[in-house]
Each structure stands twice: as C-alpha cells, then as structure tokens.
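Beneath this line is the structure, given in structure tokens, with notes to follow.
Numbering (my numbering), first residue to last: 50 to 488.
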C-alpha cells in the first residue's frame with residue numbers, strides 16, 4: 050500500500066568493500082538505480098561528523114527524480130554511528146532516509162527520532178518494515194486538518210500540508226489537550242505562532258544556524274533568495290548547511306522561492322560534473338547548494354557567490370566574484386534588537402523576530418506590484434516593466450535606509466522582474482498580462 054506521507058523509506062549502510070549502499074527500501078522499486086546511488090551518497094555526511102564517537106545526526110537534502118509528477122523529492126536523513134568491535138573500522142555507520150514531497154521539516158525530524166528510538170541494532174529492517182506498514186495506514190494528508198498519527202507506541206500530532214500550526218510528539222497513545230498545554234515551553238509556543246504564517250520552511254531556525262558574524266548580512270541573503278541568485282553555502286555539517294539554506298528561503302515568505310536548491314550536496318552527485326562544466330563556461334543556473342567538503346572551494350571556485358559558514362574559514366564571509374554588487378546594505382539595527390543568548394529559547398525568540406522583520410519586508414516588497422495593479426482601472430491588469438519601474442521611483446518602503454541610492458532600490462526590482470520568482474508570482478495572480486517581453 051502506497052502512502053501519501055512518504056514516497057520511500059530507505060536504509061543505507063557503509064560496506065567496507067563496496068562503500069555506501071542502499072540495503073533496504075520500501076516500497077520495492079520505488080527508486081531507480083541512479084536515484085539509489087545518489088541517495089546512498091547524500092545519506093552520509095561528507096565530513097567527519099563524530100570522529101570515533103557514537104551519535105546520530107539529522108539533516109535535509111533534495112534529490113532529482115527520474116520520473117513521475119515530482120522532479121525532486123526532499124530527503125530527510127538520520128545518520129547514525131555506533132561502536133562495533135567486530136567491524137575493522139571500529140564502528141558501523143547506517144542512515145535512515147525518508148523521501149517525500151511534503152516540506153514538513155520538524156514533523157519528519159520527529160518521525161525519524163521516534164523510529165531511531167524504537168529500533169534495535171539487531172533487527173533494523175524488521176522494525177523499519179513495521180514502521181512503514183504503520184505509515185501506509187495513516188489517513189492521507191489534507192490541508193488545515195490536525196492529525197494524530199501512530200508510529201510504534203507513540204503519536205505525532207501535525208497539521209498539513211501548507212503550513213504547520215503545531216507539532217507535538219507524545220509517548221502516550223491518548224493525548225489530552227490539557228496534557229499538551231502543560232508541556233508547552235516558551236519555545237513551543239513561539240514556534241506554534243510562527244508556523245501559522247504561510248510560507249516555505251517556516252520551521253528553520255536561521256538565527257541558530259548562521260554564525261553570529263553573518264547575521265549582519267541578512268538583507269543581502271534575503272536579496273539573493275528574492276532575485277534567484279546562484280550561490281554556495283559551506284558549513285561544518287549537513288544539518289547546518291541545510292538549515293541555513295532552508296532558513297534563507299523562509300525569509301522571503303509569503304513569496305515562493307522557485308529556483309533549484311540542494312540543502313546538502315556532495316561531489317558524488319550525478320550533477321556535480323554538469324554544474325562544474327556550467328561554471329567553467331560561465332553558464333548561470335538558478336541553483337543554491339549547501340556543502341561541507343572544503344574541496345568545493347577549489348572545484349566550484351567560479352561560483353558567483355560563496356557564503357563561508359565553516360569553522361575553517363578565518364572569518365565567516367560573504368564572498369563575491371567579478372563585478373557582483375548587492376543592492377541592499379548590511380543591517381546592524383536588527384542585531385541590536387536581538388536578546389542575549391542564554392539558552393535555546395532565546396535563540397527561538399531571536400529567530401522569530403528575524404522572521405517577522407523579513408516577512409514584513411517581503412510583504413512590502415511585493416506590495417508595490419499590488420499598488421501598481423490597483424492603480425489601473427481595467428479588471429484585467431497589464432504589467433509593463435518600464436511603466437512599473439517609473440512607478441517605483443515615487444514609492445517608499447520602510448526598509449528604504451538599507452539602500453544607498455534610489456537607483457539601487459529600482460535595480461532590485463528590475464533584477465527581481467527577470468527572476469523565476471517573479472514569473473511564479475505573476476502566474477499565481479489572476480487577470481494579469483505582460484505588455485512587453487521581459488528581456
């Protein structure tokens with residue numbers, strides 16, 4: 050029985066003679082040989098995550114699909130390393146991967162944690178098979194409906210699919226409302242409020258993931274996402290680079306990000322050589338990639354923008370190639386609004402503040418198009434680029450101080466108009482036609 054909650058669930062292991070291989074998957078034949086190869090490489094950190102220690106690590110990747118209606122699937126991975134005296138390497142490494150088209154990050158992280166907690170080393174496949182059968186019997190996901198989904202002897206409460214209002218994992222089979230309310234921490238309540246907002250990856254905590262030195266560049270990171278720029282993030286772990294990329298995408302909500310993004314990418318990916326060739330030939334593709342291997346600094350040295358968030362960098366930097374310039378300036382005022390970091394709750398509060406600031410900024414940004422259309426009398430609206438850019442010259446926004454000149458303000462809109470994000474915006478807005486071709 051197929052589930053609409055997951056497309057596939059896989060178990061990947063490291064074989065000392067072969068390397069990383071998918072040793073079990075359900076449903077059978079749900080992934081092709083090429084997809085299996087890509088998944089096996091993405092399922093393991095491309096960095097020394099635990100050295101000789103035991104532990105586990107969760108992160109998100111995105112993998113290209115060979116067929117079907119979805120060109121890509123999100124992969125939620127839980128990599129685990131355990132000591133093993135019988136293994137020549139001294140430890141065993143395996144990874145559980147869930148493939149899905151639902152961008153419910155916290156939900157799938159919680160699901161992986163529950164599976165990880167319940168499985169036993171000796172019978173991984175049997176326990177995963179049991180989990181898959183339970184998931185297959187879940188009621189299919191529907192918008193704006195709260196689900197209490199059983200996995201092993203636990204339940205996960207989640208609302209899907211466009212945005213989450215609350216996610217709660219409880220070890221009891223019967224969850225009373227009063228019990229949930231009593232267990233809500235300040236962090237839970239803030240996340241509960243944030244997730245009411247419509248947008249992609251609202252759960253991502255960009256404040257916690259970004260090095261503090263990078264927070265001043267948030268307006269420029271927002272600009273990169275809004276205008277579909279090509280860039281690479283280098284971080285210390287797959288979790289950090291995937292969280293940064295998903296967090297950056299969330300900043301432009303409620304606008305949709307329409308470019309290609311790979312929250313975690315490795316040199317073994319099938320598209321590695323293709324992207325490298327495109328860079329060598331100065332071909333620009335709207336793609337974001339997150340990496341942990343310093344080799345990418347050499348292999349992808351022609352990436353127009355590189356965001357260094359790794360500990361090997363002398364300082365965390367926003368590197369640009371050639372004559373690339375940003376329209377927005379750094380923002381030190383928002384940093385002054387952040388509360389001192391004392392615990393995880395303060396990180397959540399600061400992240401929520403950042404999200405609200407940039408949501409308002411995004412609403413204002415797209416609001417000028419709505420004002421432009423509202424100024425037209427006809428029911429069917431016309432978009433004329435030259436006319437619109439003239440219109441913006443007489444407009445002001447609350448984040449005007451982040452632009453050195455009015456010309457840069459107009460140029461930001463001009464760049465956005467040439468992006469796939471703008472095409473998506475127009476396609477979703479009814480009764481609009483383009484007066485002239487946008488070059």
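Backbone N, C-alpha and C define an ideal beta-carbon position, used for all residues, glycine too.
If you follow the beta strand (DSSP E) that residue 310 is part of, which residue opens it and which one closes it? 309-311
Starting from residue 334, trace the beta strand (DSSP E) in both directions and tell me its first and last residue. From DSSP, residue 334 is part of no beta strand (DSSP E); its letter is neither H nor E.
What residue does the beta strand (DSSP E) around residue 82 start on, and which one ends it? No beta strand (DSSP E) contains residue 82, which is instead part of the alpha helix (DSSP H) from 82-91.
Stretch-stretch touch, CB-based, cutoff 8 angstroms, three pairs: the stretch 261-279 with the stretch 351-369: yes
Using the rule of at least 16 other Cβ atoms within 10 Å of the residue's Cβ for burial, across every protein chain shown, is residue 287 buried or exposed? buried
Straight-line Cα distance separating residue 290 from residue 526: Within the shown structure, residues of the chain are numbered from 50 to 488, placing residue 526 beyond reach of any answer.
Within the stretch 250-285, note down every full beta strand (DSSP E) run reaching 3 residues or more, in order along the chain. 280-283
What number of angstroms, rounded off, separates the C-alpha of residue 140 from the C-alpha of residue 132? 4 angstroms
Can you tell me which of the three DSSP states residue 288 falls into? helix
Distance, residue 276 Cα to residue 467 Cα: 8 angstroms
Name the DSSP bridge partner or partners of residue 73? 60
Applying the criterion that 16 or more other CB atoms from any shown protein chain within 10 Å of the CB defines a buried residue, is residue 488 buried or exposed? For residue 488, the pLDDT reaches just 45, beneath the cut-off of 50, and the residue's location in the model is therefore unreliable, leaving the point undetermined.
Below 8 angstroms, can you find three or more Cβ-Cβ pairs linking the stretch 86-93 to the stretch 304-320? yes
C-alpha gap between residue 144 and residue 392, whole angstroms: 30 angstroms
Just to confirm, is the Cβ distance from residue 354 to residue 369 under 7 angstroms? yes
Which value, in whole angstroms, describes the spacing of the CA atoms of residue 424 and residue 417? 11 angstroms
How big is the Cα-Cα spacing for residue 336 and residue 123? 15 angstroms
Beta-carbon proximity of residue 256 to residue 400, cut-off 7 angstroms: yes
Flag this pair as yes or no: are the beta carbons of residue 339 and residue 265 separated by less than 7 angstroms? no
If contact is defined by three or more beta carbon pairs under 8 angstroms, each pair taking one atom from either stretch, is the stretch 158-166 in contact with the stretch 62-78? no
Considering only the beta carbon of each residue, do residue 562 and residue 430 sit closer than 7 angstroms? Outside the shown range of the chain (50 to 488) lies residue 562, about which nothing can therefore be said.
By DSSP, does residue 349 sit in helix, in strand, or in coil? coil
What did DSSP end up calling residue 67 once you bin it into helix, strand or coil? coil
Buried or exposed (CB count within 10 angstroms, at least 16 for buried), residue 306: buried
Taking DSSP's pairing of strands, which residues face residue 367 in a bridge? 356
Cα separation between residue 411 and residue 446? 11 angstroms
Determine the direct distance from the alpha carbon of residue 279 to that of residue 334, and round the result to whole angstroms. 7 angstroms
Is residue 57 closer than 7 angstroms to residue 148 when the C-beta atoms are compared? yes
Just the C-alpha distance for residue 199 and residue 112, rounded to the nearest angstrom, thanks. 27 angstroms
Quick check: residue 376 and residue 435, are their CB atoms within less than 7 angstroms of each other? no
Candidates 95, 183, 195: closest to residue 203 by CA position: 183
For residue 126, which three-state DSSP category applies? strand
Segment limits, alpha helix (DSSP H) that includes residue 415: 393-423
Of the choices 176, 156, 476, 267, whose alpha-carbon is the least far from that of residue 382? 267
Whole angstroms are fine: how far does the CA of residue 130 sit from the CA of residue 63? 10 angstroms
Spatial distance of residue 178 from residue 102 (CA atoms): 28 angstroms
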